[in-house]
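Each residue of the sequence shown is one higher than the one before, counting from 29 in this note's numbering. Even glycine gets a Cβ: it sits at the ideal position worked out from N, Cα and C. Since the structure comes first, as structure tokens, the remarks are kept for the end.
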Amino acid sequence: MARTITQIRSLARSHTRSAINALVGVMRSTSATPAARVSAANAILDRGWGKPPQAIENGDGALELVHRIERIIVEPEGAEGDDA
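In structure tokens, the structure reads:
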């Protein structure tokens, strides 16, 4: 019988403590490669603090469009007089 997404998530979450302990073990291991240690450290930080915000490149004017949409939503009465 196929498991539901909720069941799979629940099962995975039940192993959280063991998974974090394994990551900490790799991070602290002097026999692990530096790449493995950094990867484990990043995984721990991501889970504890969230991933850092990613910069958005603005090659196609997307940020200006988002900013304009935001202004229209926040200040709808003044949006029509704004220049694009």
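Original post:
What are the complete beta strand (DSSP E) segments, minimum 3 residues, inside the segment 49-75?
Top reply: DSSP runs (the beta strand (DSSP E)) wholly in the segment 49-75: none.
Original post:
From residue 97 to residue 31, what distance separates their C-alpha atoms?
Top reply: Spanning the two alpha carbons is a distance of roughly 41 Å.
Subject >> Burial state of residue 54 (16 or more Cβ within 10 Å) >> reply: By the 10 Å Cβ count, residue 54 comes out buried.
**OP:** Hey, could you find the ends of the alpha helix (DSSP H) residue 35 is sitting in?
**Re:** Note, residue 35: alpha helix (DSSP H), 33-41.
Subject >> Candidates 68, 92, 61, 39, of which the one nearest residue 49 by Cα >> reply: When each option's Cα is compared against that of residue 49, the closest is 68.
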